[in-house]
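So for the sequence shown, my numbering puts the first residue at 99; every next one is plus one.
Don't be surprised by glycine CBs; every beta carbon is placed ideally from N, CA and C.
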Amino acid sequence: MSDRDDEEIAARDHNGGPPITDEHVPEWGSDGIGNWFYWKAAYNKVHKTISRDIALFRVAKAERLGLTYEEYTLEILERGRHLQEDDVERIAAIKRKRRVKR
99 MSDRDDEEIA ARDHNGGPPI TDEHVPEWGS DGIGNWFYWK AAYNKVHKTI
149 SRDIALFRVA KAERLGLTYE EYTLEILERG RHLQEDDVER IAAIKRKRRV
199 KR
């Protein structure tokens, strides 16, 4: 049998799934689970239990300030205050941090 015959058989018999040789990496990574479930539960509690109106308010406010929804919400959760347009230094610091992450 030639290589072409092997490829045709493989293509015909293949179900389109991932190769069996690929190693599965869980959502929490390969370094162990640690506190992943605690962090995931806390994240879900914060981001999924707010009302629609509050979420829309935060989205609009974040857009006015040039931030993402996550950045604006994290500022509320970490510092306990809503950013205003005159908080120029703090907004600039958040934006600088964004560039470092990427």
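C-alpha distance - residue i paired with residue j, whole-angstrom precision
i: Lys-195; j: Asn-113; result: 44 Å
i: Glu-176; j: Gly-164; result: 19 Å
i: Ile-152; j: Glu-121; result: 41 Å
i: Val-123; j: Ala-140; result: 23 Å
i: Lys-146; j: Lys-138; result: 11 Å
i: Asn-142; j: Asp-184; result: 31 Å
Collapsed DSSP secondary structure at residue i in the structure displayed
i: Asp-126; result: Here the sequence assigns Trp to residue 126, which means Asp is not the residue at that position. Trp-126 falls in the coil class under three-state DSSP.
i: Leu-163; result: helix
i: Arg-188; result: helix
i: Leu-181; result: coil
i: Thr-171; result: helix
i: Glu-176; result: helix
i: Asn-113; result: coil
i: Arg-200; result: Reliability of the predicted coordinates at Arg-200 is poor, the pLDDT of 49 falling under 50, and the value obtained from them is presented with this limitation in mind. In the structure shown, Arg-200 sits in coil (DSSP, three-state: anything other than H, G, I, E or B).
i: Ile-131; result: coil
i: Ile-148; result: coil
Closer than 7 Å: residue i CB and nearest the ligand FAD heavy atom
i: Glu-121; result: Judged by which ligands are present, the structure shown has none, so any question about the ligand FAD falls away.
Residue i, buried or exposed, once every other Cβ within 10 Å from all chains shown has been counted against 16
i: Glu-161; result: exposed
i: Leu-154; result: exposed
i: Thr-119; result: exposed
i: Ile-192; result: buried
i: Ile-148; result: exposed
Check whether residue i and residue j have beta carbons under 8 Å apart
i: Leu-181; j: Glu-173; result: yes
i: Arg-156; j: Tyr-170; result: yes
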